[in-house]
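A.B. asks: Position 11 (the sequence shown) corresponds to -9 in the numbering used here; numbering is contiguous. For each residue, glycine too, the CB sits at the ideal point set by N, CA and C.
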Amino acid sequence: MTASPTRKPIFSAKLASPLRLADAVSDAIAAALFDGRIAPGEALPPEGEIAREFGVSKPIAREALRQLTSAGLISTQQGKVARAKALNGEPLERIYGYAVRSSLERLREANEMRRVIETGIARLAAERRDQAGLDAMKQALADMRASLREPSGFTEADILFHLGLAMATGNSMIRVQMEGLRSVQREVSELFSRRANRTDADWNATIERHQAIYEAIVAGDADLAEQKIRVHFEAADIASFEVADKLAAAKR
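1) According to the Cβ coordinates, are L114 and A64 closer than 8 angstroms?
2) Which of the three DSSP states is assigned to S50 in this structure?
3) Below 8 angstroms CB to CB, which residues in the same chain sit around S37 once its five sequence neighbours on both sides are set aside?
4) S37 by DSSP, collapsed to three states: which one?
5) Who are S82's beta bridge partners in DSSP?
6) What separation, rounded to the nearest whole angstrom, lies between the Cα atoms of M117 and Q165?
7) For R155, which residues of its own chain have a beta-carbon under 6 angstroms away from its beta-carbon, when the five flanking residues on both sides are left out?
8) So, are the CB atoms of A44 and S6 less than 8 angstroms apart?
9) Going by beta carbon distance, what residues of the same chain come within less than 8 angstroms of V198, once the five residues before and after it are set aside?
10) Please classify R94 as buried or exposed, where buried requires at least 16 neighbouring CB atoms within 10 angstroms.
11) Confirm, please, whether the CB-CB distance from E206 to A126 is below 8 angstroms.
12) Can you give the beta carbon distance from A2 to I54, rounded, assuming they're within the 8 angstroms contact cut?
13) Excluding the five sequence neighbours on either side, which residues of its own chain have a C-beta within less than 6 angstroms of the C-beta of R189, listed in chain order?
14) Decide if S50 is buried, meaning its Cβ has at least 16 other Cβ atoms within 10 Å, or exposed.
15) Tell me the residue span of the alpha helix (DSSP H) that contains P131.
16) Would you mind sorting Y78 into buried or exposed? The rule is 16 or more other CB atoms within 10 Å of its CB.
17) What's the gap between the Cα of D203 and the Cα of T186?
18) Can you give me the C-alpha to C-alpha distance between R0 and Q57, rounded to a whole angstrom?
19) Would E27 and R42 be called neighbours here (beta carbons separated by less than 8 angstroms)?
20) Taking the CB atoms as reference points, tell me whether A112 and D123 lie closer together than 8 angstroms.
21) Run the CB neighbour count on A181, radius 10 Å, all protein chains shown included, and call it buried at 16 or more, exposed below.
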């Protein structure tokens, strides 16, 4: 990609002096990514062009691109131009994954965070009912029924359901947060499914709790949606942490 002397500047940013220059450059580029001036998959200008547009050195531009890569906002490969990535929860998912696998206490904290977040999400989902989210939740319910007694498939269906819940709000930042929580959901769902005494009635009860959340959201009943997701978390907590405690005891 070559520089064009007549090209309209993409970033149009004046660097704020209190910030380190690389931070200011990465902030300006991130703003262009978030407001759509650079679309997902689109190539960013070369490092040298970025440096010229901001009036900084190439090492500063390079550091700014490194920051954006670490944040998961762009992808870079040796010898190739950087490209914008669609906003997603991958960086958060990695952080939460490290945390919940580190100790039972971190897992408890993460699930407590999920409960706080998802009760609010359920209310907003019932108020907005974005169709893409409702469709994802409906598909997840079908996948759960098809994956009865198959922990891996059931876990993925569970994750899809809660992502659909977030999508039903129509809020992209909430969707990203839920994507970030997938590692927590996976850990809890797998613990839940590892109970040796899990019966068909137990598997079906889990599906019915999800079904009740879905129906409350479809009906637009925010109070009922919040109530049903609280019931779901209470049941999931009891079962999953019962297993986790046994695993921790066995290690000791």
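C.D. replies: By the coordinates alone:
1) No.
2) Correct three-state label for S50: helix.
3) Counting only Cβ-Cβ distances below 8 angstroms, and skipping sequence neighbours, we find A31.
4) Reduced to three states, the DSSP call for S37 is coil.
5) Per DSSP, S82 has no beta bridge partner at all.
6) Each residue's alpha carbon lies about 15 angstroms from the other.
7) Excluding sequence neighbours, R155 sits near A146, M147.
8) Yes. Within cutoff.
9) Around V198: R109, L114.
10) It counts as buried.
11) No, the Cβ-Cβ distance between A126 and E206 is not below 8 angstroms.
12) About 14 angstroms separates the beta carbons of A2 and I54, which is beyond the 8 angstroms limit, so they are not a contact pair.
13) Within the same chain, and ignoring the five residues on either side of R189 in sequence, the residues whose Cβ sits closer than 6 angstroms to its Cβ are H212.
14) With a 10 Å radius around the Cβ and a threshold of 16 neighbouring Cβ atoms, S50 comes out exposed.
15) DSSP places P131 in the uninterrupted alpha helix (DSSP H) bounded by 131 to 147.
16) Under this definition Y78 is an exposed residue.
17) If I take the Cα positions, the gap works out to 20 angstroms.
18) Approximately 25 angstroms between the Cα atoms of the pair.
19) At the C-beta level, E27 and R42 come within 8 angstroms of one another.
20) No. Outside cutoff.
21) Residue environment for A181: exposed (fewer than 16 other C-beta atoms within 10 angstroms of its C-beta).
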